[in-house]
Each structure stands twice: as structure tokens, then as C-alpha cells.
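Quick notes on the structure that follows.
In this note's numbering, the protein residues as written are 6 to 691.
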């Protein structure tokens, strides 16, 4: 029976702890329940009190299963539930899908041929096993996809429940240097090797956990009987394996509570299936749906924009965020800026302004669609000694592909740079550390790429595998000086990428990841092209940034957060800044081409709802190219859809550098008070 939230009880009065919708979800009776928890509406609080309520209703704790996407989330929920009902919660089955499947397999895996003490191999062990198999199976491992790429293919096949040959064919390109049959052979040997070692990787835990339920009738029926209530957090992020796992497990008692938000399904690229949450009511007849719409995070102005974002989206459960914070708060700001450099300068200005208002660096986040969009901001903050941390991976100049290209650039500037020479030469097929050092000594510890004699000497030293590749790199060195002399510095990277490095990336990483890395390099080229001091000054700036890395990573330092939006989901900051809201960048051009605009829209919704107090949206007018020219970009469709009265608009002309004095912009309080933010090229936003 459902508890009446308005009555007084001897036990916990949940109506005093929760709002009416949260209370209805936490104290719901038996049967399937879908809780649509919009951003900032107390999803975790609701789940915690659902656990507490079930225990107070005399449901044995060990018959409750709580599935989350991180073990940290599970621990946090149980710790909070313990404060409500005591230490009885310790008996609850809680954890990630992987950890719960591992517990099942420890007990019942022998029915599938696994001993109770089977080993779980981590990502590093998985890559080592696959790497060893590639070396002994493939005719030419150097030209075969990297072990990391093969591991991704095997993982995709497991999670999508598709044949590995089909996945391999999806990855295959002319440059990739493999056939699906070769990948199948490696995958078969990898599976056999795991069997020999009595081990499973992380994907095997899900696959075999589901196999237990589907293939072993006695085990399935026992587990179905045992678990009276199944609670699933972040349900919009489940993949097919996980949804089927919970559907089977809950089939007997039908007490499944799925908590999530279709508006925040942004991980389809790694297997999440939005269909799982959208079709939940159809899969579970008699399902009750409760919407949590009271937002406790953001000021009303931010929520007004968030509601507009999803207002006309297709295929959704309609929800309207309702503010609980008093007052209207400041309207979000929409900055119309000239280019990326102007944008970075203005972001720095906003950060300084916020610190002047009493916010700490750690209260501020710059959240971007793709990692390469942060390069301008990283360089600007580093120059001005503003401490920052990158939560979406390592800094752009610490990435392997950027370091490779920087090695080439440094060697152009300094022929005696041994480390850069070694790094560059070891990119060639068949060249390892020993060979590269041998070449360096034979060249007299100097490589002048501008010299025909030096380039020819290098060719003579190389082995059979590297010789056919070297002429392309030699050509890059040959024309580099001309590019520098003509002020076409960015084209140095463009040549290197077109003639050699793009093929290397595709061979090493596969098409999809190679495309992302190429975007980084395009942005790097445009940075160099726009650098007033030329190539040498740019490399000096990069060296400065690298030397500041230790300070930037100091955990005790108050730092601005830089992150991709994907990494920022589930987090919040008082001040959120979003750069590059321009067509082709956010939404991404690739997503638009592939018809994935719905997910881009959800991504924009997620970033808007990370802001508690202040939201700053930036839309540059042009994007710099590698040749130093400008490419016009339209404002993002998401920006165009925001009604003028919901934002303050500020138009900023291009400025050569940040100055703490004066103001290069004209402030506009609304669209109606300003002319078109783009004086040339586009006559209006809408």
C-alpha cells in the first residue's frame, strides 16, 4: 500500500522531508514506477528516501537491489539512507551493474564454467593480452590497428550484442590496414586466452551476468524470487544489456523503479539507448509515472532558458523545470564575439569580474562541446597565470597527437632538438627507440630539415618499412621554411597532417577517434596562424604552459574548472561559461550530418542546467583557419531559439589582447536594445 504523504505516522513522516512529488515516488506502492527526475530536482534524495521507506515497510534490506552507474553514488545513497533508518541499510545489494554481476558470478558462475575465484582483468591487462595476441597472430603488427582500437571493437560487440565481424566492418577503412576476419581471429584468441586464465574483463561481467539469467532457469527463478524491489539510477544511460538484465530480474514481483531523465541522455555514443527509458511504460504495463520538476539548483533566469531548449524537442517526456529559489536572479548573458581569441579574452574578463564579486575560482566552470574548443581558453588563462584544472582528460598540449606535431615543429625551429627528433622518427613504421638514437648519432646529432643533403642522408639510414613513408615527411620539411617566410605558419601543420600524420592517426586509432584528434590539430594550426610572434613565440608559450602544469595540478589550489559537457554531467557550479555556440561546433557538424541533433539538444540542456547563479553563453562570429584566414560561422541553432527577453546580450569587437583597464565592448541589456549582433554576413539571429 502507498503511504499517504499528508498523514502523521509513528515512523518517519516523509512528507516533512520531501516535496509532494518526491514523497509520492519515495512512498509509492508496489508495481513498476518510472520517476522522471529533471535536472536539479532531488533525484538522489528521492532514491535515498525510497530505500528508507521500503525498510520501514519491513522489506528485508537484502531483498532490495540498488543499481547505480558508480560505486561512489551507491555508497553516498546508503550513507544518507542510514541517517534516516539506521545501519540496517548495510545489507542492501547496491553497486554498479558490473559489481552486481560480479557478485552473482562469484556465487553462480560455475554453471557457466567459471570458478568462484575467477580473475577480473582491468583495462591495462586487457590491452596487454590483446597486444600479445596481435603480435603472434597478425602478419604485420606495425600496420595493424593498435591494441586499444581492437579492445574498443571487442567492447562494442559485447555491449551491442553483435558479431565482432560486423563491428570490425564498421570501423574498417582503406587506410586502417585490416580485414574483419583478422579482427575476428584476434577476438577469438582473446576469448580463449581469458578462458585459459579463468578471467573476465568488464564487458564479460555484463554479458555473463545476463547469460546467467537467460540460460540458467533455476538461478534466474531464485534471483527473481529473492529481489522484491529493484531500483535503477540514471536509467537513461542504460544500454541494451543492462535494460534486459533488470527487466528479467524484476519480472516476477514487478517492483522496478527506474529513475532518470530522458532530457539528459547524452551518452549514446558509448552505448546508452534512450529507447530504454522512452519505452519503459510500454514494456511494463500498469507503470506509474511521476515527474520531479521542482528545481533546487538554479535561479529562475537559467531555468527559463533550459525550458526553452527542450520545449519543441521530438520524442520526449514533457517536463517543465519550476524554480524554488527566491527572486529572479540575473538573466543569462549571451556574448556575440568576433573570434576565438576575443572569446577567450572575454572569458578571462568574466572570470575576473566574478572573482571581484566574491566567487572563488572553483565556483567557475568553462564547459565546452569538444576538447579542442578549449585551446584558446587554456592558453589565455595560462598566460595570465589563472589556475585551472581539466576534468575532461589531460591538457591539450599533453595529448599524444599534439606532442607528436609539436615535436615536428620544434625540430623545424631547432635542428639540435634531440628529443623532438627521436619522437618524430619513431612515428615511422619499423623504427624503435634504438634505431632512432642510432640515426641521430649518424646524422651528427643534428637534423636540418631545410637541407636537401640532410633529408637524403636520413632516407639512406631508414629500413625497408620506413623508406616509402619518409618522402612525405621530407616534403613537409622542404616547404616549411617557405611557409614561414610567407607568413603561412599554420599551413606547416596542415601539410604535415595531409601528407603523413592523418594516415598515421587513422591506422593507430581508427576513424572516429582520428577525426577528433584532427580537430585538435586544426585548432592548433589556427592558433599558430593567429599568433603575432610566429612559430617560435608560439612554441615558447607552449613551453611556459607545460612548466605551469605542476602548479595547475596542485590539489590544494583554487582553480577554474575546464571540462567537456559530457564529463560535467551530474555536477554544478555557481558560474558556468559555455564557449563556441556556433553552427558546426555546437551542435557539432558531424552530429548534424548524421542526424543526431536530438542528442546535441540534450547536451545543451545539460550544460545550461549546470549553472546555479550565472550563465554566460558565447557565440563567435568567425573561426580562424590554418592559413590565417577567417571562416564565417552562424550562431548555434540553440542560441537562435532563445527568446530575446530571456537573455542579456553583449556584443564584443575583436581586441588584440586582454587589458584589465577599460572595456572594448558595448553592453546591451537585451536583443531589442541592440542592433544585430553580427553586423555583416547575417541580418538577424532568428
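Don't be surprised by glycine CBs; every beta carbon is placed ideally from N, CA and C.
Every value quoted in this text rests on a predicted model; they were computed, and no experiment measured them.
Inter-segment contact for the region 262-275 and the region 566-577 is present: three or more beta-carbon pairs are separated by less than 8 Å. Nearest C-alpha to residue 483 among 543, 456, 385 and 291: 456. For residue 215, same chain residues with a beta-carbon under 7 Å away, outside a window of 5 residues either side, are 246, 249 and 250 in chain order.
If you draw a straight line from the Cα of residue 63 to the Cα of residue 165, it comes to about 39 Å.
Residue 599 counts as exposed, since fewer than 16 other C-beta atoms from the protein chains shown sit within 10 angstroms of its C-beta.
The Cβ atoms of residue 581 and residue 314 do not sit closer than 8 Å to each other.
Assigned with DSSP and collapsed to three states, residue 421 falls in coil, not helix or strand.
Per DSSP, residue 625 is one residue of the beta strand (DSSP E) stretching across 616-625. Here residue 341 is near residue 624, since their CB atoms are less than 8 Å apart. Collapsing the DSSP output to three states places residue 21 in a helix. In the DSSP assignment, residue 396 falls outside any beta strand (DSSP E), carrying neither H nor E. Residue environment for residue 65: exposed (fewer than 16 other C-beta atoms within 10 angstroms of its C-beta). Around residue 343, the same chain offers 625, 626, 627, 657, 658 and 659 as residues with beta carbons nearer than 8 Å, after the five sequence neighbours per side are excluded.
For residue 646, the CB contacts under 7 Å within the same chain, skipping 5 residues up- and downstream, are 313 in chain order.
Taking the CA atoms as reference points, residue 205 sits about 35 Å from residue 41.
Using a 10 angstroms sphere on the CB of residue 161, the tally of other CB atoms reaches 16 or more, which defines it as buried. In the three-state DSSP reduction, residue 258 falls in the coil class, being neither helix nor strand.
Taking a C-beta distance under 8 Å as the contact criterion, residue 413 and residue 430 do not qualify as a contact pair. Contiguous alpha helix (DSSP H) elements confined to the region 15-87 occur at 25-31 and 48-61, taking only those with 4 or more residues. Taking each of 114, 243, 325 and 145 in turn and checking the Cα distance to residue 203, the smallest one comes out for 114.
Residue pairing by DSSP puts residue 205 in a beta bridge opposite 125.
When the five nearest sequence neighbours on each side are left out, the beta carbons in the same chain lying within less than 7 Å of the beta carbon of residue 329 are those of 299, 300 and 301, in order along the chain.
In the DSSP assignment, residue 296 falls within the beta strand (DSSP E) that extends over 293-297. Under the DSSP assignment, residue 355 falls outside any beta strand (DSSP E), being part of the alpha helix (DSSP H) whose first and last residues are 345-361. Counting along the chain, the unbroken beta strand (DSSP E) around residue 99 starts and ends at 98-101.
According to the DSSP assignment, residue 651 belongs to no beta strand (DSSP E), since it is labelled neither H nor E.
Residue 389 sits in coil when the DSSP states are folded into three classes, being neither helix nor strand. Per DSSP, the beta-bridge partners of residue 340 are 623 and 655. Taking C-alpha positions only, residue 256 is separated from residue 513 by approximately 45 Å. In this model, residue 356 and residue 99 are separated by some 41 Å (Cα to Cα). For residue 370, the enclosing beta strand (DSSP E) stretches over residues 369-373. Leaving aside the five residues that flank residue 68 on each side, the residues in its chain whose CB is nearer than 8 Å to its CB run, in chain order, 231, 232, 233 and 234.
Exposed is the label assigned to residue 144, since fewer than 16 other Cβ atoms lie within 10 Å of its Cβ.
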